[in-house]
Amino acid sequence: LAKTTQPISMDSYEGQEVNITCSHNNIATNDYITWYQQFPSQGPRFIIQGYKTKVTNEVASLFIPADRKSSTLSLPRVSLSDTAVYYCLVGGGTGRRALTFGSGTRLQVQP
Amino acid sequence: DSGVTQTPKHLITATGQRVTLRCSPRSGDLSVYWYQQSLDQGLQFLIQYYNGEERAKGNILERFSAQQFPDLHSELNLSSLELGDSALYFCASSEGGREEQFFGPGTRLTVL
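Below is the structure:
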């Protein structure tokens, strides 16, 4: 089972770039890294997924170093509506390994 | 709207009882996942099914069981309920086994 660690909380201001790191030391070769956003009383929503190096989409970037033992979600120019909890998820590759969510990082964006 | 539906939205029951939570995945998705989220806690993976077969198992208690039916909907059965089972239970679906997951709105279970 992959073990994941995230900071409990982060504060930022509107317009700033926010980087949230997830540590996953015992990630398996086939595991993918996926990040989700969750608002109170709602299901998580997909942000981005990667396997190695860098992935970018219209809302975020994901940086994964060569050893894959950590990953960093980068949110450019956050707004108030980005205030939420962000989770990394490790797993989903081939085989029957369980999926592991990080404990979540509560991001508070101030005006 | 993710396209994943869960019923019921809320469920209140007593200790020792048994309940069934239902999930309908997005059209075309073959994988269904179940997660438990206790109050102010993170998401705990319970189990995954792919096209009717169990694919991966997480921290699912022996009192809990799940299945995926031929029409791909899934049910999570919780028995001998305890106070600590009170939580939000999410179902998610994906096309195969590793793509992005689409989460349902959850079922809030309260055990009194």
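Chains as they are written, first to last, in our numbering: chain A, 1 to 111; chain B, 112 to 223. For every residue, glycine included, the Cβ atom is placed at its ideal position computed from N, Cα and C. Remember, predicted model here, so these are calculated numbers, not experimental data.
- [ ] With 9 Å as the limit, tell me which residues of the stretch 186-218 of chain B have their beta carbon closer than that to any beta carbon of chain A; keep them in chain order.
- [x] Those residues of the stretch 186-218 of chain B that come within reach of chain A (Cβ to Cβ, closer than 9 Å) are Leu199, Phe201, Cys202, Ala203, Ser205, Gly208, Arg209, Glu210, Glu211, Gln212, Phe213, Phe214, Gly215, Pro216 and Gly217.
Task: Buried or exposed (CB count within 10 angstroms, at least 16 for buried), tyrosine 144 (chain B) - done: With 16 or more other Cβ atoms within 10 Å, it is buried.
Task: Any chain B beta carbon closer than 8 Å to serine 103 (chain A) - done: Serine 103 (chain A) counts as touching chain B.
Open item on the list: DSSP three-state label for aspartate 11 (chain A), please.
Closed with: If DSSP states are grouped into helix, strand and coil, aspartate 11 (chain A) belongs with the strands.
Open item on the list: Counting only Cβ-Cβ distances shorter than 7 Å, please list the residues of the stretch 80-98 of chain A near chain B, keeping chain order.
Closed with: Cβ contacts with chain B come from Tyr87, Gly92, Gly93, Arg96, Arg97 and Ala98.
Open item on the list: According to DSSP, simplified to helix, strand and coil, what is leucine 132 (chain B)?
Closed with: Three-state result, leucine 132 (chain B): strand.
Task: Residues within the stretch 155-167 of chain B neighbouring chain A, beta-carbon criterion of under 8 Å - done: Listed by position along the chain: Gln155, Phe156, Gln159, Arg166 and Ala167.
Task: Assigned exposure category for leucine 194 (chain B) - 16 Cβ within 10 Å defines buried - done: It is exposed - the Cβ of leucine 194 (chain B) has fewer than 16 other Cβ atoms within 10 Å.
Open item on the list: Could you check whether the Cβ of proline 65 (chain A) sits closer than 8 Å to any Cβ belonging to chain C?
Closed with: Absent from the structure: chain C. Protein chains present are A and B.
Open item on the list: Please report the distance separating the alpha-carbon of glycine 92 (chain A) from that of glycine 208 (chain B).
Closed with: Roughly 6 Å between the two C-alpha positions.
Task: Under 7 Å from the C-beta of serine 113 (chain B): neighbouring residues of chain A - done: Going along chain A in sequence order, the residues near serine 113 (chain B) (Cβ under 7 Å) are Gly43.
Open item on the list: Taking CB distances under 8 Å as the criterion, tell me whether glycine 169 (chain B) reaches chain A.
Closed with: For glycine 169 (chain B), the answer is yes, since a Cβ of chain A falls inside 8 Å of its Cβ.
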